[in-house]
Every structure is written in C-alpha cells, then in structure tokens.
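Quick mapping for you: the protein sequence lines, in order, are chains A and B.
For the first sequence, position 6 matches number 6 in my numbering, and the numbering has no gaps at all.
For the second sequence, position 75 matches number 170 in my numbering, and the numbering has no gaps at all.
Virtual Cβ for every residue (Gly too), placed ideally from N, Cα, C.
Model, not experiment: these values are computed from the prediction.
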Amino acid sequence: MAFAALGDPTRREIFTLLAARPRAVGEIAAELPVSRPAVSQHLKVLKEARLVRVEAEGTRRRYSVDHVGVAAMRDYLDDVWGQALANFAAVVEEA
Amino acid sequence: MTEVRRSVLVKASADHAFKVFTEKFVTWWPASHHIGKAKLRDVVVEPREGGRWYEIGTDGAECEWGEVKAWEPPSRLLLAWHLDGDWDYDPDPARASEVEITFASEGDGTRVELVHRGFERHFTKPERVREGVGGDGGWGGILLGFADAFV
Chain A
1 MAFAALGDPT RREIFTLLAA RPRAVGEIAA ELPVSRPAVS QHLKVLKEAR LVRVEAEGTR
61 RRYSVDHVGV AAMRDYLDDV WGQALANFAA VVEEA
Chain B
96 MTEVRRSVLV KASADHAFKV FTEKFVTWWP ASHHIGKAKL RDVVVEPREG GRWYEIGTDG
156 AECEWGEVKA WEPPSRLLLA WHLDGDWDYD PDPARASEVE ITFASEGDGT RVELVHRGFE
216 RHFTKPERVR EGVGGDGGWG GILLGFADAF V
C-alpha cells in the first residue's frame, strides 16, 4: 500500500530525493544518516508499493519515482473529494 | 496530475451552496473520513479569514484540519489543509496544502469547483522543499495521511 510505505520518515526523505532526480543507492545513502543496507531495505518497500522503480544502467542500478504508485495516491484523494461533492450536491438540492 | 480538481453543478443559489458547504460540512462529508478516535460529530469552518477548520468527535474531542485563508461568501472559500504526512496537525503554513472552492452562477444553478493543490508541501522535509517541488514527482505527501485516516 503506497500510503503505508510513506508513513516512515526516512522513506519519505528517500522518496523526496528521488522526486527531485533519479539516484543510485550510494547517492541516497550519502544524503541521509542511514546505512546503504538500510536504504536498500527502504527502497524495497517503496518498490513494492510502486512508488519507486529501478532501472539498470550498465552495472549501476538507478532508482526513480514510479508514477503508477504516485498516480494511484492522487486518484485516491480525487475519489474522496468526488464522493464528498456528490453528497454535497444532494444536500444542497434537498431544501 | 499535481492537483485534484472537481466540479459539480447544483440547482441552488451560490448563497445557499456556500452556506451548505461551510455551515453544514458534516452533512455531506463522507463520515468515515475523520482523524479523531471517536466517530465524527461535526466539522466546523469558522466564518472568517484566519478561522479554524476542525472536526469534533462524538467524545467531544476537537481535531484541527486547517485554517480559513479566504472567506468571500458566496463566491470563494480558501482553506489551508494542515494535516501532514503522518496525519498530525502541522501549524507551519509553509507545510500546508490548500483547497480552493469557488461558487459561480451558471444557468439557473451554481457551479461549484474544488481544487486541492500543493500536496508536495506536506510531503517534503522543509530543507528539501525547493528541490522536491522542482522535481517531476515532488508532490504527493499528504495522501499517506489520508489513507491512514480514511481507510
């Protein structure tokens, strides 16, 4: 679940970094006070939530934001407001 | 993609629509979507610029949602959404997204348009705001909070 994956502050930091530009694990670790293995673990969670994707570039693996997950999150909010406004219209027209 | 935009045409005057939106928020807001521990009893939008926007639970507890940034009945309402990615109230205006609602006459009814924008502000750490907003996916943070509270 995309939302739960971002509940962790370090994962939010990582996601924010990747939103700015794609990076390798080492580059992410260099920006944050966490070890490379820890970054890898966080990336795995983000990847499963489809918030982050990985691509091989020669021997390097670069991580970037996966718009499938991001779009799903935005769509979720869109649904909430859609439902709210449909109810709203019904209430407005009641009286 | 970076914002939520919704529109609805209602058979009512802008004045009435504005009143229902602000004074009877709880009658149309999906009841399962709240942040307090107890069930939702009321949602208050204080009728002035700088007013509070908050929920009241059946246990009487008040939980802040945000602030009224513009109060222009019956045509426009601008709300700051101060709930951060951990679904906690964050008083810093720099880290709030905003919801703008406009009410405009259309035919014999009123067009109500809602735009929720600026999600990236919640999401990015303050020192990374510029970098995050500049990226092509730098928004998105508030939603995890929505999920925690709404699912």
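CB contact check: residue i to chain B, cutoff 8 Å
| i | result |
| --- | --- |
| LEU77(A) | yes |
| GLU93(A) | yes |
| ALA89(A) | yes |
| ALA30(A) | no |
| VAL39(A) | no |
| VAL25(A) | no |
| LEU85(A) | yes |
| GLY82(A) | yes |
Residue i and residue j closer than 8 Å at C-beta
| i | j | result |
| --- | --- | --- |
| TRP166(B) | ARG143(B) | yes |
| LEU209(B) | LEU43(A) | no |
| LEU173(B) | PHE116(B) | no |
| ALA89(A) | VAL103(B) | yes |
| ALA107(B) | VAL92(A) | yes |
| ALA20(A) | VAL45(A) | no |
One or two residues paired with residue i in a DSSP bridge
| i | result |
| --- | --- |
| ASP137(B) | ILE151(B) |
| TRP124(B) | DSSP, once it has assigned bridges, lists no residue as partnering TRP124(B). |
| GLU201(B) | GLY204(B) |
| VAL91(A) | Beta-bridge pairing links VAL91(A) to no other residue. |
| GLY161(B) | TRP148(B), TRP176(B) |
| ILE196(B) | LEU172(B), LEU209(B) |
Any chain A beta carbon closer than 8 Å to residue i
| i | result |
| --- | --- |
| PHE116(B) | yes |
| ALA112(B) | yes |
| VAL105(B) | yes |
| ARG212(B) | no |
| PRO142(B) | no |
| TRP124(B) | yes |
| LYS164(B) | no |
| HIS177(B) | no |
| LYS119(B) | yes |
| VAL99(B) | yes |
| LEU209(B) | yes |
Cβ neighbours of residue i in the same chain (closer than 8 Å, five flanking residues each side left out)
| i | result |
| --- | --- |
| SER40(A) | VAL25 |
| GLU141(B) | ARG147, TRP148, VAL163 |
| GLY152(B) | HIS129, GLY131, LYS132, ALA133, LYS134, LEU135, ARG136, CYS158 |
| TRP124(B) | LEU135, VAL138 |
| PHE113(B) | PRO168, PRO169, SER170, LEU172, PHE198 |
Beta-carbon proximity list for residue i, same chain, < 7 Å, skipping 5 on both sides
| i | result |
| --- | --- |
| ALA175(B) | GLY161, GLU162, LYS164, PRO188, ALA191, GLU193 |
| HIS211(B) | GLU98, VAL99, SER192, VAL194 |
| ARG36(A) | VAL25, GLY26, ALA29 |
| LEU18(A) | VAL52, TYR63, SER64, VAL65 |
| SER200(B) | ALA109 |
Cβ neighbours of residue i in the same chain (closer than 6 Å, five flanking residues each side left out)
| i | result |
| --- | --- |
| ARG146(A) | Beyond the ends of chain A as shown, which are 1 and 95, falls residue 146(A); an answer cannot be given. |
8 Å Cβ cutoff, residue i in contact with chain C
| i | result |
| --- | --- |
| ARG206(B) | Reference to chain C is not applicable here, since the protein chains of this structure are A and B. |
Segments of 4+ residues assigned as alpha helix (DSSP H) that fall wholly inside the segment 27 to 62 of chain A: 36 to 48
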